[in-house]
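Numbering (this note's numbering), first residue to last: 705 to 757. Note that beta-carbon positions come from the ideal geometry of N, C-alpha and C, so glycine has one too. Written out below as structure tokens is the structure these notes cover.
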């Protein structure tokens with residue numbers, strides 16, 4: 705998942721880069737929760753993943 709705090713354009717670019725580099729079964733683009741956005745600040749990006757098996 706690619707997450708962002710009011711940084712949609714940057715998050716979309718990161719999603720495209722991750723998608724081109726890795727064979728992801730799913731790749732979500734989401735906004736941080738209001739609390740996370742408050743704690744981290746505007747423009748923050750996040751990336752989370754897990755590997756099966």
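- residue 757 - DSSP class collapsed to helix/strand/coil: In the three-state reduction of the DSSP assignment, residue 757 falls in the coil class.
- Would you mind giving the Cβ-Cβ distance between residue 709 and residue 744, rounded to the nearest angstrom? I have them listed as a contact below 8 Å. That pair is a contact at about 6 Å.
- At which residues does the beta strand (DSSP E) containing residue 749 begin and terminate? First-last of the beta strand (DSSP E) with residue 749: 749 to 751.
- Look up residue 731 in the DSSP assignment and say whether it is helix, strand or coil. In this structure, DSSP gives residue 731 a state outside helix and strand, which the three-state scheme calls coil.
- Are residue 732 and residue 705 closer than 7 Å when you measure CB to CB? Yes, they are a contact pair.
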